[in-house]
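Each residue of the sequence shown is one higher than the one before, counting from 2 in the working numbering.
Heads up, the beta-carbon is just placed ideally off N, CA and C, and yes, glycines get one too.
Contents: one structure, followed by commentary.
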Amino acid sequence: MAEGGAGGAARRRASLTITALTVGTALNPLNSSMIAVALLSLQSDFGLDLATVTWVITVFYIAAIIGQPLMGRIIDALGARRIFLVGMVVVAIAAVLAPLGGSFVLVCVSRVLLAIGTSVAFPAAVALVGQLSAAGGIPVPRLLARIQVTNTAGAAVGPVLGGVLVLLAGWQAVFLVNVPLAVVAFAGVAVLAPRDSPREGVSPGRLFVNLDPAGVLAFAVGMSALVVFALDTSAGLDWWLLAVGIVVLALFVWREWRAKLPFIDVRMLARSATLRTVYLAFTLFSALFYLAFFGLPQLLEDRGGYSTAIVGVLMLPLAAFTVVLAPLVARIVERRGARAVFIGGAVILVPAAASLGLGVVTTDAIWMLAAAAAMGIPYCVIGLAATQTMQQAAPAGQIGAASGLLQSTRYLGAIIATVVLGQAIGTGITPEGWAVVAVAATVLGLAHLAIVVIGTRRMPRTAE
2 MAEGGAGGAA RRRASLTITA LTVGTALNPL NSSMIAVALL SLQSDFGLDL
52 ATVTWVITVF YIAAIIGQPL MGRIIDALGA RRIFLVGMVV VAIAAVLAPL
102 GGSFVLVCVS RVLLAIGTSV AFPAAVALVG QLSAAGGIPV PRLLARIQVT
152 NTAGAAVGPV LGGVLVLLAG WQAVFLVNVP LAVVAFAGVA VLAPRDSPRE
202 GVSPGRLFVN LDPAGVLAFA VGMSALVVFA LDTSAGLDWW LLAVGIVVLA
252 LFVWREWRAK LPFIDVRMLA RSATLRTVYL AFTLFSALFY LAFFGLPQLL
302 EDRGGYSTAI VGVLMLPLAA FTVVLAPLVA RIVERRGARA VFIGGAVILV
352 PAAASLGLGV VTTDAIWMLA AAAAMGIPYC VIGLAATQTM QQAAPAGQIG
402 AASGLLQSTR YLGAIIATVV LGQAIGTGIT PEGWAVVAVA ATVLGLAHLA
452 IVVIGTRRMP RTAE
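Laid out in structure tokens, this is it:
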């Protein structure tokens, strides 16, 4: 009885810890999606044009793409628990900075700090999953499923929550809502999470050198140039930015291959076909997902004539299916292994992508609900399978960095989707334009399927 009681207490502690961690992981997708409904208010309050106000989105993307792998590296070096706590403090400070600053520059600075602070959460949570699983006797896939559910819910709920907050209290509330969430996450992890093992000989100077500042700078310059080029809303494209991004990132890869302690271990990627597959597949999958996530609301409002509130309801199946299916998918991963689930999700994704073509001929609520639901199923399956596969394939001391890089590929996919949507329906939604979106989604789905099937051939077919 005593053993059962002790085991039950350990299980409850592990479950509560993962709950606190997931509150933190929700902050990144929340902040990436909530801001969309605050753009008009920001534009009005600061007297800005549309191209200028969208910098609040651009700087967040840039900081998140760079911050995710960087925070992962720091977590590997210093420990997941302590860096998660620091990240939540940064989030709380950043959330207060924007409303009190009275300057659009400070709003953008706040967005950068929010991206960096929230970038800590996902790699920290994944890094702690192994310990929590061992301590509480909860299978790793079930813990990862809870993280996946929160990430999905955060992205899906963001626009709805942001709309309510802006309506009730202005754009400032979109920032301030982070404070109580960060406090809850901080308190839960501080009290419940296992303490990090001692890090001997890790001085600030040594840590700075080990983080490869030259590599971080090169990655930041290259990715910033590509993101600004891709998200440029002006009439003409600055092609020199594309050239700078490609050249600098090529030099970055060349340098990282030779670096003793690289910022992003490209040699690890060269050695691991599984990790290469996961990152490439997840980039394509994220591009397809965000085509639906960003595109369907525009289709429903523009051609369907639905109000913002109704659009939110019609998009709910996308998140709802993830919440409902995640526990079931986690159990299938336990029994059949991540490879079977990964391939199954890739197969389902192709007809789900093709279902976006319904928007060419109809915006009827029933069919739009079906399209959103169709995308929600593979989102759950592939998200969980990719995270599980990455967690298994990453070297023991690099889980944080590997997890951060996975999140960066999510944002790369979102940027690809933004570019496609801008070219296809940027000047208004027509049946021909939406057909381009549907074809692009289907091509991405087929490419994703091919990469997953070919790239996972050497993975175990069943759970270990």
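{"Item": "Check the Cβ-Cβ distances between residue 371 and every residue of chain C, and say whether any is below 8 Å.", "Value": "Considering every chain present, this structure includes no chain C. It has just one protein chain."}
{"Item": "Where does residue 363 fall in DSSP's three states?", "Value": "coil"}
{"Item": "Leaving out five residues on either side along the sequence, give the residues of the same chain with a beta carbon under 7 Å from the beta carbon of residue 346.", "Value": "379, 382, 383 and 386"}
{"Item": "Helix, strand or coil: which one does DSSP assign to residue 272?", "Value": "helix"}
{"Item": "Closest by CA to residue 215, which one among 255, 132 and 296?", "Value": "255"}
{"Item": "For the stretch 365 to 433, list the alpha helix (DSSP H) runs that are entirely contained and at least 4 residues long, ordered along the chain.", "Value": "366 to 394 and 400 to 426"}
{"Item": "Report the residue ranges of all alpha helix (DSSP H) runs contained in full by the stretch 291 to 350; include only those spanning at least 4 residues, in chain order.", "Value": "309 to 337"}
{"Item": "Are the beta-carbon atoms of residue 136 and residue 195 separated by less than 8 Å?", "Value": "yes"}
{"Item": "With distances taken from CA atoms, which of 147, 332, 36 and 100 is nearest residue 23?", "Value": "147"}
{"Item": "Roughly how far, in whole angstroms, is the beta-carbon of residue 441 from the beta-carbon of residue 421, given that I think they are within contact range, below 8 Å?", "Value": "5 Å"}
{"Item": "May I have the straight-line CA-CA distance separating residue 2 from residue 268, to the nearest angstrom?", "Value": "Note that residue 2 scores a pLDDT of 41, beneath 50, so its modelled location is shaky; the value from the coordinates is reported in the next line. Using only the alpha carbons, I get a separation of about 50 Å."}
{"Item": "What whole-angstrom Cβ distance do residue 281 and residue 360 have, given they're in contact under 8 Å?", "Value": "Not quite, the Cβ-Cβ distance comes to about 27 Å (not below 8 Å), so this is no contact."}
{"Item": "Please state whether the Cβ-Cβ distance between residue 179 and residue 96 is less than 8 Å.", "Value": "yes"}
{"Item": "For the alpha helix (DSSP H) that residue 191 lies in, which residues bound it at each end?", "Value": "179 to 193"}
{"Item": "Determine whether the beta carbon atoms of residue 131 and residue 121 lie at a separation below 8 Å.", "Value": "no"}
{"Item": "Going by alpha carbons, who is nearest to residue 92 out of 230, 79 and 27?", "Value": "27"}
{"Item": "Sorted by chain position, which residues of the same chain lie with C-beta nearer than 7 Å to residue 12's C-beta, five sequence neighbours on each side aside?", "Value": "137, 138 and 139"}
{"Item": "Do residue 290 and residue 457 have their beta-carbon atoms positioned less than 8 Å apart in this structure?", "Value": "no"}
{"Item": "At which residues does the alpha helix (DSSP H) containing residue 249 begin and terminate?", "Value": "240 to 259"}
{"Item": "Would you identify the three-state DSSP class for residue 105, choosing helix, strand or coil?", "Value": "helix"}
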